[in-house]
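J.: The number in the working numbering is simply the position in the sequence shown, starting from 1, with 17 added.
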Amino acid sequence: MKFSDYRKVVTPASALPAEQDALLDLVEIASNHDELPIFVTPKRPIDLAAWLAAAAPSLHALADTRGALLFRGFSVHGAVDMERCVRNLIGEPMDYRENTSPRTAVRGNIRTSTDYPETETILLHNEHSYSRLFPMRVFFHCTVPASSGGNTPIADCGGVQRRIDPAIVQRFRERGWLYVRNFVAEVGQSWQTVYQCEDRDTLERLLDDADIGFEWNAAGRLRTRILRPAESRHPTTGESLWLNHLLFWHFSSLDLQMQRMIRSEFGESELPHQTYYGDGEPIEEDVLANIREAYEQERRAFAWQAGDLLMLDNMKVAHGRDAYVGPRNLLFAMGHPYDRRNSNEWIRAHA
């Protein structure tokens, strides 16, 4: 399938400029109907970073509507090449504040995709769904694919929302969702690492600016309370999308052995991570099961090849990670920030 098949999607009101036609004729852009991702491959050797800069308007429009573009067969080898590609599409990548996944800086704001052990599966989620400044674009670059497993599954969040029971969607639309995080030395990262500061005054200013509630307990531990809408309207397309970490950080998403260990250590009130309805009430098991099934039905996967560069619209498409065997190296970047404070969903959640 050639790019001409997508022109009505990319520019519904007018034809592509002639220079964009010439640029897009240098590549094949193909997918199977509504499957993800869309594959972009060169017809002849070209400098991907330079081509991305020139073709950026059409590529961003396609990402807004379809959500996932996989650039394959180009000469992209490591952090330097990835940084050029990312900068030419979105400018300087965002730093990694308010993080929940351990990542190692490789070059500037190019990082490892995650430092979680290879035996763990990472659930589908949208990067920083809980953040006021939300990255509209995330990128992954494969330098070494795993010998077995290690896929980065993706899912269309519009499709996820349409599969969830409408009564459940309405319930979260009215109540929002709440993410409670207890910072404990024994589990996860410190608040100093997450918020990239060392003193409480600076931290509290950052939390206020990010619309994050907080408190310090008697032992001096930080607890944050992040109230957010469960869905968001895409700022370009207007599509309503399921956008949250409520399943990802719900305690039930851990395996049973880990649940028993953490509960015995910290108790219900001090769990390192837990999610609720926005009013603090627990989320029912059948609701979680319905949401989990919706993600599973929308899940799509592809096998990584060395040199691949994946660009996601982070609001439209969720991503995860399968467990794997053997060496695997993926790099990560995010950017194109969108301030969600002025969205109607955000305003309702914080009214």
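Virtual Cβ for every residue (Gly too), placed ideally from N, Cα, C.
Over the uninterrupted beta strand (DSSP E) stretch that includes His-353, give me the two end residues.
T.: Start and end: 346-356.
J.: Just grab the DSSP bridge partners of Glu-315 for me.
T.: BP columns for Glu-315 are empty, so no partner.
J.: Assign Glu-100 to one of two classes, buried (16 or more other C-beta atoms within 10 Å of its C-beta) or exposed (fewer than that).
T.: Buried, since its Cβ has 16 or more Cβ neighbours within 10 Å.
J.: Mind checking Ala-35: buried by the 16 CB within 10 Å criterion, or exposed?
T.: Since pLDDT at Ala-35 reaches only 47, below the 50 mark, its modelled position is unreliable, and no value is offered.
J.: Distance check for Leu-150 and Ala-318, CA to CA, integer angstroms please.
T.: Cα-Cα distance, rounded: 28 Å.
J.: Do Thr-129 and Ile-139 count as a contact pair if the criterion is CB distance below 8 Å?
T.: No, Cβ-Cβ distance for Ile-139 and Thr-129 is not below 8 Å.
J.: In chain order, what residues of the same chain lie with their CB nearer than 8 Å to the CB of Ile-181, ignoring the 5 residues before and after it?
T.: Cβ within range, chain order: Trp-259, Asn-307, Ile-308 and Ala-311.
J.: May I ask you to list the residues that DSSP assigns as paired with Asp-330?
T.: Asp-330 is bridged to Arg-154.
J.: In three-state terms, what does DSSP make of Tyr-212?
T.: Reduced to three states, the DSSP call for Tyr-212 is helix.
J.: Anyone know if the C-beta pair for Met-328 and Arg-154 falls short of 8 Å?
T.: Contact: yes.
J.: Look at the alpha carbon of Ser-286 and the alpha carbon of Leu-271, and state the distance between them as a whole number of angstroms.
T.: Approximately 17 Å, taken between the alpha carbons.
J.: Which one of Ile-243, Gln-209 and Ala-235 has the shortest CA to CA distance from Asp-225?
T.: Out of Ile-243, Gln-209 and Ala-235, Ile-243 has the C-alpha closest to the C-alpha of Asp-225.
J.: How many Å lie between Ala-247 and Glu-282 at the Cα?
T.: Rounded to the nearest angstrom, the two C-alpha atoms are 30 Å apart.
J.: Please tell me whether Gly-90 and Pro-59 are closer than 8 Å, where the distance is taken between their beta carbons.
T.: Yes.
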